[in-house]
Amino acid sequence: MATHHLTPLHRAALEVVAAHAGVPLDTLKVDVPPNPSMGDLAVACHPIAKATKQNPMAIAKAIADAFVPTDLLASATAAGPFVNFRANRPALLRWVIEQALGNTLVPAVGTGKTICIDYSSPNISKELAFHHIRSTGIGHALAQIFRALDYQVVGINHLGDWGTTHGMLIAAYQQWGKEDKIDLAQLDIAQLNELYVRWRDHTNPLKHEAAGKWMAAIVAGGDAAEVARAALAKEVERCALATNVARDWFKKLEHGDPEARALWDRFRAVSWAEFEGVYDKLGITFELVRGESAYEPDLADVMAELRAKQLVETSEGAQVVWLPDQKVPVIVEKSDGASTYATRDFASAKYRHATYQFDRSIYVVDRGQALHFSQVFGMLEKAGYAWAKQCEHVTFGLVRMGGKKTSTRGGAGVMLKAVLAEAKARALAKMAEADSPAAQLPLVNGVPLAEQVGIGAVLTVVVAMVTGTESFSVVKALQLTGLVACIVGLKLVH
RNA sequence: GCGCCCAUAGUUCAGUGGAUAGAACACUCGCCUUCUAAGCGAGUAGUCGCAGGUUCGAUUCCUGCUGGGCGCACCA
618 MATHHLTPLH RAALEVVAAH AGVPLDTLKV DVPPNPSMGD LAVACHPIAK
668 ATKQNPMAIA KAIADAFVPT DLLASATAAG PFVNFRANRP ALLRWVIEQA
718 LGNTLVPAVG TGKTICIDYS SPNISKELAF HHIRSTGIGH ALAQIFRALD
768 YQVVGINHLG DWGTTHGMLI AAYQQWGKED KIDLAQLDIA QLNELYVRWR
818 DHTNPLKHEA AGKWMAAIVA GGDAAEVARA ALAKEVERCA LATNVARDWF
868 KKLEHGDPEA RALWDRFRAV SWAEFEGVYD KLGITFELVR GESAYEPDLA
918 DVMAELRAKQ LVETSEGAQV VWLPDQKVPV IVEKSDGAST YATRDFASAK
968 YRHATYQFDR SIYVVDRGQA LHFSQVFGML EKAGYAWAKQ CEHVTFGLVR
1018 MGGKKTSTRG GAGVMLKAVL AEAKARALAK MAEADSPAAQ LPLVNGVPLA
1068 EQVGIGAVLT VVVAMVTGTE SFSVVKALQL TGLVACIVGL KLVH
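In terms of our numbering, the first sequence opens at residue 618 and continues consecutively.
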């Protein structure tokens, strides 16, 4: 047990037991008794019993009998193999108040250390879906905690603004933009999102209107099956061609094609304006907003480096890196020569280390990305960077609403804006219904109280649910009881 | 098929190598001079998935099994 973070009270209890038994401090630990009436702190004597081959109950009794009150400890009693201590309340309270006033209640364990935290990192050109609040909220909470511990925190928003997805958007705009009379000057994120979803459907053979009939016919067999099979094959081929069109657009973008670049710039600006509004509402901030595209100039160097270190092989036309104990290699360059996000994350990790000399670099990303991050960290290690061990992937599970996933891939996403609006509306209704005096308070920091309460509740619940199969509902979040109510209350005070 | 994660109260989730495993919601009862709601108080609630192992002691650590989630090369 790390003894350097102990409060004087904990240390005092440990010292009493350790001194009497003649064992080092760090072999013992302090617990809280199951019942407050038993005492404030408990030290178990089992480790001493093990070391000295004595009866733990006898040891505890001997220590309690020999106890002499100290500045901080008022009494000691033996309870089975435990020594239970009661604190000297006035002395303890004085200590707590002094620490609180001096703002030293939280140990400054991070002084002089830098920590990079990658969170939120949404994809440009898609609306912020509800699930984005997980990474955003957890990352921001971690950042605040590390700041309180006196770390220098670099909150990073690694925008997904590069890659084939953006080729898809350009392709979709080329395909439908004109006929739909999409005005680039008036473009909004909903339209971009729609283009994206439409393109994904456009390149998915199973989304063809006749796909259901074909599948049925194939299952039924006979001559009709042959016809259906041919039609499906044709559709698959068309989708493959369309997919290549998107890949080509991304390649053009990577090579600086002016038309591709201009569209991408516009899509990016529209998206960022939208994101900023939401972050503002949530009270989320970043030290660095740097998209994947910013690493594009580094990619050639990364490839050269990986090749120089003889890590790259050609496999099925793509450039790949094999990692130990992995059945599938990491693709660092696609067969058409375009980059992948593994390469870009490799470059961004190097950038972060070069720029901030971080002691830790944390990525707050859902656990579906676990393989990806283990690959990126693995490549860094294989490339000889010792600091790869200081990189960590902080995972969390998917958010479910009503038992369903909230992914945007299929276009059935739940929008973050909608959830926040609902939270606000419900908070407002709740206040009015309870005839609460709070409803009379018009603004807190210029924002309607209901909005603060609603957002606070949603953020708190979303950050609190870290493991397992989460299920979220706004109604639940707004059951302002217990912990949630306390935290929301604190948020309002600040 | 392979890999990673998870399994605790009716539900959603905490938690720990040690003493009686917790909270919220739900449910039941009571209080707030009438009813309802909100509020407050109390109560009921558990084979800690199953089976072995390590240990003085396992819900916690290890192995196997079962059940669920996610991921497995040119999306990010």
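A virtual CB, placed ideally from N, CA and C, is assigned to each residue, including glycine. From a predicted model like this one, the values you see are computed outputs, not experimental measurements.
Query, Result
"Please report the distance separating the alpha-carbon of THR781 from that of THR1012.", "25 Å"
"Could you give the first and the last residue of the continuous beta strand (DSSP E) run that contains ILE732?", "731-735"
"Three or more C-beta pairs closer than 8 Å, one from the stretch 848-861 and one from the stretch 811-826: is that the case here?", "yes"
"Quick check: GLN1007 and THR731, are their CB atoms within less than 8 Å of each other?", "no"
"Pick out whichever of LEU766, HIS757 and ALA629 has its Cα sitting closest to the Cα of ASN720.", "LEU766"
"Below 8 Å CB to CB, which residues in the same chain sit around GLU632 once its five sequence neighbours on both sides are set aside?", "LEU642"
"Just to confirm, is the Cβ distance from ALA659 to VAL649 under 8 Å?", "yes"
"Just tell me which of CYS662, ILE665 and SER738 has its CA closest to the CA of SER888.", "SER738"
"Measuring only the C-alpha atoms, how far is VAL993 from VAL947?", "8 Å"
"Would you mind sorting GLU909 into buried or exposed? The rule is 16 or more other CB atoms within 10 Å of its CB.", "buried"
"Nearest by alpha-carbon distance to ALA859: which of VAL919, LEU1076, ALA789 and GLY756 is it?", "ALA789"
"For ALA691, name the three-state secondary structure that DSSP assigns.", "strand"
"Confirm, please, whether the CB-CB distance from ALA959 to VAL945 is below 8 Å.", "no"
"Count the CB pairs spanning the stretch 753-771 and the stretch 899-906 that are closer than 8 Å, and state whether there are at least three.", "yes"
"Evaluate contact between the stretch 696-710 and the stretch 659-671, counting only Cβ atoms and requiring at least three cross-stretch pairs below 8 Å.", "yes"
"Let me know the alpha helix (DSSP H) ranges lying completely inside the stretch 758-802, each 4 residues or longer, listed in chain order.", "781-793"
"List, from N- to C-terminal side, the alpha helix (DSSP H) runs of 4 residues or more that fit wholly inside the stretch 653-725.", "663-669, 673-683 and 706-718"
"So if DSSP puts SER978 in a beta bridge, which residue, or which two residues, is it bridged to?", "CYS733 and CYS1008"
"Would you mind reading off the limits of the alpha helix (DSSP H) that contains ALA583?", "With the chain covering only 618 through 1111, there is no way to say anything about residue 583."
"Would you mind working out which of ASP976, HIS1010, GLN716 and ASP897 sits nearest LEU1037, comparing C-alpha positions?", "ASP897"
"Beta-carbon separation of ALA966 and LEU923 under 8 Å?", "no"
"Between the alpha carbons of ASN740 and VAL895, how many angstroms are there, rounded?", "14 Å"
"Please classify GLY697 as buried or exposed, where buried requires at least 16 other C-beta atoms within 10 Å of its C-beta.", "exposed"
"At the level of alpha carbons, what is the spacing between LYS667 and GLY777?", "56 Å"
"Could you name the residues of the same chain whose beta carbon sits closer than 8 Å to that of LEU905, not counting the 5 residues immediately before and after it, in chain order?", "VAL771, GLY772, ILE773 and ASN774"
"Taking TRP939 as the reference, which of GLY985, SER991, ALA890 and PHE684 has the closest Cα?", "SER991"
"Could you give the first and the last residue of the continuous beta strand (DSSP E) run that contains ILE901?", "It is not in any beta strand (DSSP E) - ILE901 carries neither H nor E in the DSSP assignment."
"In three-state DSSP terms, what is ASN998?", "Looking at the sequence itself, residue 998 is Glu, so the reference to Asn does not match. Residue state, collapsed to three classes: helix."
"Is it true that the CB of VAL919 sits closer than 8 Å to the CB of ALA964?", "yes"
"Between ALA746 and VAL1080, which are expected to be in contact by the criterion C-beta below 8 Å, what is the C-beta distance as a whole number of angstroms?", "That belief does not hold up - the Cβ atoms of ALA746 and VAL1080 are roughly 17 Å apart, past 8 Å."
"According to DSSP, is SER932 helix, strand or coil?", "strand"
"Output the boundary residues of the alpha helix (DSSP H) element that contains GLU811.", "806-819"
"According to the Cβ coordinates, are LEU710 and LEU626 closer than 8 Å?", "no"
"What is the DSSP secondary structure of SER742, reduced to helix, strand or coil?", "coil"
"Helix or strand or just coil, what does DSSP make of VAL649?", "coil"
"Identify the continuous beta strand (DSSP E) that holds GLU950 and give its terminal residues.", "947-950"
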